[in-house]
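**Student:** Top line first, the protein sequences correspond to chains Y and V. The numbering used here puts the first residue of the first sequence at 1453, with every later residue one more than the last. The numbering used here puts the first residue of the second sequence at 1453, with every later residue one more than the last. All C-beta atoms in this analysis are idealised placements derived from N, C-alpha and C, irrespective of residue type, glycine included. Bear in mind the structure is a predicted one, so any value in this text is a computation, not a measurement.
Protein chains: 2
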Amino acid sequence: MPRFADHDQRRAEVIAAATTVVRDEGRSALTVRRVAKSVGCSTKVVTHYFANMSDLLHATWLASLRRGSKRFLQVLKADPGDLRGFMAAGLPLDDERRLDWSIWIAFWTEAHTAEQFGEDLRARAEDTYDRIVEILTKIDERGNLPKDLDIPVTARRLNALLTGISCQAMFNPQVWTAEKQLVALESELAAIGIR
Amino acid sequence: MPRFADHDQRRAEVIAAATTVVRDEGRSALTVRRVAKSVGCSTKVVTHYFANMSDLLHATWLASLRRGSKRFLQVLKADPGDLRGFMAAGLPLDDERRLDWSIWIAFWTEAHTAEQFGEDLRARAEDTYDRIVEILTKIDERGNLPKDLDIPVTARRLNALLTGISCQAMFNPQVWTAEKQLVALESELAAIGIR
Chain Y
1453 MPRFADHDQR
1463 RAEVIAAATT
1473 VVRDEGRSAL
1483 TVRRVAKSVG
1493 CSTKVVTHYF
1503 ANMSDLLHAT
1513 WLASLRRGSK
1523 RFLQVLKADP
1533 GDLRGFMAAG
1543 LPLDDERRLD
1553 WSIWIAFWTE
1563 AHTAEQFGED
1573 LRARAEDTYD
1583 RIVEILTKID
1593 ERGNLPKDLD
1603 IPVTARRLNA
1613 LLTGISCQAM
1623 FNPQVWTAEK
1633 QLVALESELA
1643 AIGIR
Chain V
1453 MPRFADHDQR
1463 RAEVIAAATT
1473 VVRDEGRSAL
1483 TVRRVAKSVG
1493 CSTKVVTHYF
1503 ANMSDLLHAT
1513 WLASLRRGSK
1523 RFLQVLKADP
1533 GDLRGFMAAG
1543 LPLDDERRLD
1553 WSIWIAFWTE
1563 AHTAEQFGED
1573 LRARAEDTYD
1583 RIVEILTKID
1593 ERGNLPKDLD
1603 IPVTARRLNA
1613 LLTGISCQAM
1623 FNPQVWTAEK
1633 QLVALESELA
1643 AIGIR
């Protein structure tokens, strides 16, 4: 079915172009004209695949989420109790993860005002929270968690810390090098008392 | 000097209108026309005070920072070792703080690509970090910090947690109520071992 293959490929090209525009020029630079120029096509091609900029931004966000989910699942497939690996998979430690974070942060601004975006974002945050609860439960089953630890509260805090280190690292990469991000993560795991 | 007073007041009105637009409609809605409509003036008035949208967004950001600094200083003036109060002053626990966070998040997207914005943001983050170091040092002097605590690493982590709880609370206020934000904060202080 070459027509469908072309359709999907062209659509993916538009999303990839939008991703680069948001990373390099910010959300406010994302226009039909700018994306069309980047792909090297007419504005009609862009509007053929995406009804408006919200649609395109949403598709761009979903593409970055798929990359993120893939990283998370790789870690948990190898070891469902690997909290350290899970957190690291979410931090902007390399170019791919920095790219994804630049999209997520751009998306947040819209999510406050676009109802569907907000719902998607909340569902995603709850999904990450649920996974951290599962990981902590697994660690607990292995007897490696302090006995009196409140798993839901700790999972919320870890989820917030993941977001916080990532944001700080995105706008201050000189201070928050990959090494420093991991030091902060280790210090938190030590404070929790995870072996 | 009524002319200067008028100038400052008019400028503040434009900033206040821009603040509301960003909070309610997102960064991408911030245009000269939209702000002029909100103030009830011509677009020429807006462009008289601000050369472009970057200028206006920057001024809007500075205004929100001033509100934030005022809250921080109030806490530290009363007690320079009040870590709990300092962190709470930065969290989006009420409408004023939620408003400020909506501006900060909008500003982040631009800061990745606008050099001056990025520098301002980094300076601000370092300032918050420095203050947390000072507060932890004060707590240490009072003998209320665990002996082997790494103050710089802990201060970085607390700064990241402040950002992370705030971001999560901004897009998921149902889960991250003011009470839940404070529970997460308390759990971190307990994990650090701060009395």
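1) Should the segment 1487-1501 of chain V be called in touch with the segment 1528-1543 of chain V, which here means at least 3 C-beta pairs below 8 Å?
2) Can you give, in chain order, each stretch of the beta strand (DSSP E) that sits fully within the segment 1526-1597 of chain V and has at least 3 residues?
3) Between the Cα of G1520(V) and the Cα atoms of F1502(V), R1576(V), A1621(V), which residue gives the shortest distance?
4) When we look at the beta-carbon of Q1633(Y) and count the other beta-carbons within 10 Å, is it buried (16 or more) or exposed?
5) Are the beta-carbon atoms of D1552(V) and S1506(V) separated by less than 8 Å?
6) Answer yes or no: does any C-beta atom of chain V fall closer than 8 Å to that of S1480(Y)?
7) Quick one: Cα of R1609(Y) to Cα of T1499(Y), how far?
8) Measuring straight from C-alpha to C-alpha, what distance separates W1560(V) and L1545(Y)?
9) Spatial neighbours of M1453(V) within its chain, please: CB distance less than 7 Å, with the 5 preceding and 5 following residues excluded, ordered by chain position.
10) Looking at the structure shown, is E1640(Y) part of a helix, part of a strand, or coil, going by DSSP?
11) Please identify, using Cβ separations under 7 Å, the residues of the segment 1488-1518 of chain V that lie next to chain Y, in order along the chain.
12) Considering P1625(V), what are the terminal residues of the alpha helix (DSSP H) in which it resides?
13) Nearest to M1622(Y) by CA position, among R1479(V), R1550(V), G1570(V), L1528(V), is which residue?
14) Taking all protein chains shown into account, do 16 or more other C-beta atoms lie within 10 angstroms of the C-beta of E1562(V), making it buried, or fewer, making it exposed?
15) Please decide whether S1639(V) counts as near chain Y, where near means a Cβ-Cβ distance under 8 Å.
16) Who are the Cβ neighbours of R1463(V) in its own chain at under 7 Å, not counting the five residues just before and after it?
17) So what's R1463(V) in DSSP terms, helix, strand or just coil?
18) What number of angstroms, rounded off, separates the C-alpha of D1529(V) from the C-alpha of V1585(V)?
19) List the residues of chain V that R1549(Y) touches, going by C-beta distances under 7 Å, in chain order.
20) Please report whether the beta-carbon of Q1568(Y) lies at a distance below 8 Å from any beta-carbon of chain V.
**Tutor:** Quick look at the numbers:
1) no
2) none
3) R1576(V)
4) buried
5) no
6) yes
7) 41 Å
8) 19 Å
9) No answer about M1453(V) holds up, because its pLDDT of 42 lies below 50 and its placement is not dependable.
10) helix
11) none
12) Segment: none, P1625(V) is in no alpha helix (DSSP H) and carries neither H nor E.
13) G1570(V)
14) buried
15) yes
16) Y1501
17) helix
18) Note on identity: in this sequence residue 1529(V) is Lys, with Asp being the wrong assignment. Each residue's alpha carbon lies about 16 Å from the other.
19) Those do not exist, as R1549(Y) stays about 14 Å from chain V at its closest Cβ, beyond 7 Å.
20) no
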